[in-house]
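The sequence shown lines up with residues 1 to 279 when you count with UniProt numbering.
Glycine included, each C-beta is placed from N, C-alpha and C at the ideal position.
To start, the structure under review is shown below, and the notes come after it.
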Amino acid sequence: MERLRMVAFSQVREPKGRVSDQLALVPSTPSLEPAKEAFPVELGRFLEQTDGVAQSEQLFDLLSAFARQYECPWVAYSSHSVDQVLKSVRRAPALMRYPDEWQEHYIQMGYDRIDPIIKKSRKELGAFRWSEAYNDVSTTEVERRFFDEAATYGLKSGISVPLHGPGVGFAIMSFARPSCRELQNRTITYLQLAAIHFHLRAARAVNSRCTEEAPNLSQREQECILWAARGKSSWDIGVILGISENTVNFHIKKVLRKLDVGSRTVAAIKAASLGIIEL
1 MERLRMVAFS
11 QVREPKGRVS
21 DQLALVPSTP
31 SLEPAKEAFP
41 VELGRFLEQT
51 DGVAQSEQLF
61 DLLSAFARQY
71 ECPWVAYSSH
81 SVDQVLKSVR
91 RAPALMRYPD
101 EWQEHYIQMG
111 YDRIDPIIKK
121 SRKELGAFRW
131 SEAYNDVSTT
141 EVERRFFDEA
151 ATYGLKSGIS
161 VPLHGPGVGF
171 AIMSFARPSC
181 RELQNRTITY
191 LQLAAIHFHL
201 RAARAVNSRC
211 TEEAPNLSQR
221 EQECILWAAR
231 GKSSWDIGVI
241 LGISENTVNF
251 HIKKVLRKLD
261 VGSRTVAAIK
271 AASLGIIEL
């Protein structure tokens with residue numbers, strides 16, 4: 001596993017970190033991606049399938065199926081506020097098809113505060129390979145370790161597509177694969193087009209439901225799910241808040257019911273995506 005982890009990103013760490021240099025170091029494994037002439041056909045089929053679909057979750061299912069054709073089983077879409085203090089800004093919900101273990105590890109480690117993908121997406125307009133962010137001179141060793149750890153959970157290579165404006169926020173669509181082989185340039189182009197199409201469709205869906213309010217969590221419920229998101233057990237939370245473990249479990253059960261989810265991890269992700277808590 002250690003061998004695979006290092007190959008995923010360290011093999012492309014060159015001083016200049018140029019895309020052309022990175023591609024040159026990728027093993028010459030035969031590509032399993034669709035033939036060049038198939039790209040427009042597959043994209044056209046995706047656009048037709050999404051026509052008239054209003055639910056973000058359904059759109060995401062179709063996008064995920066499109067990405068799997070290019071060996072990208074892991075897809076994630078998340079919305080971010082430029083100013084995290086603006087809690088009144090209602091953010092679009094996160095849609096995630098990443099390994100559950102990685103999602104839990106991400107939350108427990110508080111990686112949203114140092115995520116190099118988020119940092120680079122704030123400055124970029126177009127899609128970028130994760131290896132570019134890894135090689136960026138501004139990337140710290142802690143941020144590189146983020147990518148190395150992601151590789152151990154199966155996210156060995158990928159791209160992210162920044163989706164900016166209008167307004168103060170932006171979204172990120174990421175496509176990842178369990179292979180160290182980098183995506184071809186034309187594959188990235190088509191995934192980016194699909195991501196932009198999804199983003200526009202999803203924004204319309206959210207705007208059409210603008211009167212829908214986020215579930216109303218009490219102050220205590222917010223505190224409990226916030227500490228749970230930070231990896232604390234019910235006993236730990238009870239000590240921190242000065243209440244019993246049973247009381248903590250009672251509040252968390254209410255949170256799960258109000259958010260209509262089945263686990264603390266998913267509840268934390270949904271509460272954060274709705275702006276109820278700040279991780």
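Coarse secondary structure for residue i, derived from DSSP in three states
{"i": "Ile172", "result": "strand"}
{"i": "Arg264", "result": "helix"}
{"i": "Pro116", "result": "helix"}
{"i": "Pro40", "result": "helix"}
{"i": "Gly238", "result": "helix"}
{"i": "Ser56", "result": "helix"}
{"i": "Arg201", "result": "helix"}
{"i": "Leu193", "result": "helix"}
{"i": "Ser233", "result": "coil"}
{"i": "Tyr70", "result": "coil"}
Beta-carbon proximity of residue i to residue j, cut-off 8 Å
{"i": "Ser131", "j": "Ser160", "result": "no"}
{"i": "Val239", "j": "Phe175", "result": "no"}
{"i": "Pro99", "j": "Gly158", "result": "no"}
{"i": "Glu50", "j": "Arg201", "result": "For the sequence presented, residue 50 should be read as Thr rather than Glu. Contact flag set, yes."}
{"i": "Leu163", "j": "His199", "result": "yes"}
{"i": "Phe146", "j": "Ile114", "result": "yes"}
{"i": "Ser138", "j": "Ser273", "result": "no"}
{"i": "His80", "j": "Ile172", "result": "yes"}
{"i": "Ile276", "j": "Ala214", "result": "yes"}
{"i": "Gly110", "j": "Arg230", "result": "yes"}
With 16 other Cβ atoms within 10 Å as the buried cut-off, status of residue i
{"i": "Ala150", "result": "buried"}
{"i": "Glu278", "result": "exposed"}
{"i": "Ala267", "result": "buried"}
{"i": "Leu226", "result": "buried"}
{"i": "Glu143", "result": "buried"}
{"i": "Ser263", "result": "exposed"}
With a threshold of 8 Å, are at least 3 pairs of Cβ atoms found where one atom belongs to the segment 65 to 72 and the other to the segment 190 to 205?
Yes, since at least three Cβ pairs between the segment 65 to 72 and the segment 190 to 205 fall closer than 8 Å, the two stretches touch.
Check whether the segment 125 to 143 and the segment 93 to 105 touch, using three or more Cβ-Cβ pairs below 8 Å as the test.
no
Should the segment 219 to 230 be called in touch with the segment 247 to 259, which here means at least 3 C-beta pairs below 8 Å?
yes
Scan the segment 113 to 164 and note each continuous alpha helix (DSSP H) run of 4 residues or more that stays entirely inside, going in chain order.
116 to 123, 130 to 135 and 141 to 152
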